[in-house]
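If you're matching them up, the sequences are chains A and B in order. Here the first sequence is numbered in my numbering, starting from 1 and rising by one per residue. Here the second sequence is numbered in my numbering, starting from 1001 and rising by one per residue.
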Amino acid sequence: MKEKNKCSDDLALRRVIDEQAQRAKGMKLSEGFADRLMQEINDLPESEPMGLRPKASVPIVRKIAAAIAVAVVISGIAYAACHVIFSSGDAPVGTATTACADVAVEADSVVSFEGLSLDSILGVVSAHYNRSVCVRGVAADSLRLTTVWDCGQPLSVFIETLNEFDGLRLTDRQDTIFVESVKVED
Amino acid sequence: MKYIYDNKRTGIDDESVIGSILGGRKEMFGILVDRYGNEVLHTVGRVITSPEDAEETVQDCFVAVYRNLASFDRTKASFRTWLMRIAYYTALKRLRGKCGAPVEEVEWESLDHIPDADADMMLNDSSPRRLSLLNNAIALLSADDRLLLSLYYHDDRSIREIAFITSRTEGYLRSRLQWLRKKLCQTIKKLEHEGKE
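Shown next as structure tokens:
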């Protein structure tokens, strides 16, 4: 038997949402809907079979161009961030296992930072999400972390991940990522 | 040509229907439309209240389903869940087009100051006054959040299933649901304070 989802019970909330959903259930597709839809499907060009991408319209082409532009910018920033780390000491102190140039080739790619400084990581991540970074009481340049970032996910997910590190507290407010230190209790 | 199917009698399962469509029997797509059309309408109708707009969204959704049918992977989700994923995105896309601006990233604000006990109490209070306030508070949420609540509370879908439909992580959804409970609590308090019921 399927168990009801529970956030405590939230009976009142569930009731209101059920009522709203019931209102939507009053809707019915108009007569001839299936015929019109099938007509539209029959009118699709034969060059547009299932599973193949539809011919891109102009706005889609623009979106793709914008995505490529963003990808180029981010990969440049990622490359620069990694380059700084690799060239800043006698020996490399950290590595990004993802080839830097690959960072934004795929919108959903997963980036693995290994022993990179927090400010380098945030440099890449904040540029991707178009955020500023404000650091308070944390030596972000000397703090080195190993973590994974899925750049297809919302920023909040990555912030949750970083907040799992002891002594760090990150928040995303007003288009800025705030980084603060928190006291770790023994 | 009329496309009329009696699904109850044909009893053909979704995967066989999809196989037939992919094999060239385009007309079989009508079975899926007939089978799920109203369910999709009822889902998008939760956030698109104009019946005409909602129906157009259903139409866009099924065209998208047809175009991407070969990419359906039954090992990841059932056809019904996959269809709901496309319906979810088609509905949000339409709403974004309407308001002219993307609402991709919903706002987070810190609600740590609201005790869990307050949220528990308010969201379980079924007095007519509180239900009315709750109704108003839900209406103030973004479409993404309202759909999330309805998938969770009304459809009783698992977090895993909702994660597939919304392309979010399970961790994100859990924290978003907790955040939404507190957000509703905060909005109710505000509405009470302003005397808007």
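Glycine included, each C-beta is placed from N, C-alpha and C at the ideal position.
Boundaries of the beta strand (DSSP E) harbouring Glu180 (chain A): 176 to 181, taken from the DSSP string. Distances from the CA of Ile1048 (chain B) to each of B:Ile1021, B:Arg1096, B:Phe1079 were compared; the closest alpha carbon is that of B:Arg1096. Under the three-state reduction of DSSP, Gly1097 (chain B) is assigned to helix. Of A:Ile177, A:Arg144, A:Ser181, A:Gly167, the smallest CA-CA separation from Asn130 (chain A) is found for A:Ile177. Near chain B, meaning a CB-to-CB distance below 8 angstroms, the residues of the region 28 to 44 of chain A are Lys28, Leu29, Ser30, Phe33, Ala34, Asp35, Arg36, Leu37, Met38, Glu40, Ile41, Asn42, Leu44.
Residue environment: Arg1094 (chain B) is assigned as buried (16 or more neighbouring CB atoms within 10 Å of its CB, all protein chains considered). Beta-bridge partners assigned by DSSP to Trp149 (chain A): A:Val111. Residue contact with chain B for Val182 (chain A): absent (no Cβ-Cβ distance below 7 angstroms to any residue of chain B).
Counting of Cβ neighbours within 10 angstroms places Ser1167 (chain B) among the exposed residues, the total staying below 16. Lys1182 (chain B) is classed as buried because its beta carbon has at least 16 other beta carbons within 10 Å across all chains shown. Cβ proximity to chain A below 9 angstroms picks out Trp1108, Glu1109, Ser1110, Asp1116, Ala1119, Asp1120, Met1122, Leu1123, Asn1124, Asp1125, Ser1126 from the region 1107 to 1126 of chain B. By the Cβ-count criterion, Glu1015 (chain B) is exposed, with fewer than 16 other Cβ atoms from all chains shown falling within 10 Å of its own Cβ. In this model, Asp43 (chain A) and Val1065 (chain B) are separated by some 15 angstroms (Cα to Cα).
Across the region 1061 to 1089 of chain B, CB contacts with chain A closer than 8 angstroms involve Phe1062, Val1063, Tyr1066, Arg1067, Asn1068, Leu1069, Ala1070, Ser1071, in sequence order along the chain. Taking 7 angstroms as the CB threshold, Arg1094 (chain B) stays off the interface with chain A.
Only Phe1029, Gly1030, Val1033, Asp1034, Gly1037, Asn1038, Leu1041, His1042, Gly1045, Arg1046 from the region 1029 to 1050 of chain B bring a Cβ to less than 7 angstroms from some Cβ of chain A. For Asp172 (chain A), the secondary structure class from DSSP, reduced to helix, strand or coil, is strand.
Its chain contains Leu118, Leu122, Val133, Cys134, Val135, Arg136, Val138, Ala140, Leu168, Arg169, Leu170 as the residues whose beta carbon lies nearer than 8 angstroms to that of Val179 (chain A), once the 5 sequence neighbours on both sides are disregarded; these appear in chain order. By the C-beta criterion, the region 1118 to 1126 of chain B is judged not to be in contact with the region 1083 to 1093 of chain B, since fewer than 3 inter-stretch pairs fall below 8 angstroms. With respect to the 7 angstroms criterion, Phe1164 (chain B) and Ala1070 (chain B) are not classified as neighbours on the basis of their beta carbons. A straight-line Cα-Cα distance of about 34 angstroms links Val1040 (chain B) and Trp149 (chain A).
Taking every protein chain shown into account, the CB of Arg1130 (chain B) has 16 or more other CB atoms within 10 angstroms, so this residue is buried.
Near chain A, meaning a CB-to-CB distance below 8 angstroms, the residues of the region 1010 to 1023 of chain B are Ile1021, Leu1022. Just so you know, the alpha carbons of Thr1043 (chain B) and Ala21 (chain A) end up roughly 8 angstroms apart. Taking a contact to require three or more Cβ pairs closer than 8 angstroms, the region 1147 to 1164 of chain B and the region 10 to 18 of chain A qualify as touching. The bridge partners DSSP lists for Ser117 (chain A) are A:Arg144. Taking a Cβ-Cβ threshold of 7 angstroms, the residues of chain A close to Glu1055 (chain B) are Leu29, Ser30, Phe33, in chain order.
With 16 or more other CB atoms across the displayed protein chains lying within 10 angstroms of its CB, His128 (chain A) is buried. Taking 7 angstroms as the cut-off, the beta carbon of Leu1191 (chain B) is found closer than this to the beta carbon of Leu1133 (chain B). Of all residues in the region 1154 to 1165 of chain B, those with a C-beta nearer than 7 angstroms to a C-beta of chain A are His1154, Asp1156, reading in chain order.
Rounded to the nearest whole angstrom, the CA to CA distance from Ser1110 (chain B) to Pro154 (chain A) is 17 angstroms. Close to chain A, meaning a Cβ-Cβ distance shorter than 7 angstroms, are the following residues of the region 1128 to 1152 of chain B: Arg1130, Leu1131, Leu1134, Asn1135, Ile1138, Leu1149, Ser1150, Tyr1152. It is roughly 26 angstroms from the alpha-carbon of Arg144 (chain A) to the alpha-carbon of Gln174 (chain A). Contact annotation, Asp10 (chain A) with Asn1124 (chain B): C-beta distance approximately 6 angstroms; criterion of less than 8 angstroms satisfied. In the displayed model, Val1063 (chain B) falls within a helix according to three-state DSSP. For Asp166 (chain A), there are no neighbours in chain B by C-beta distance under 7 angstroms, as the nearest C-beta there is about 19 angstroms away.
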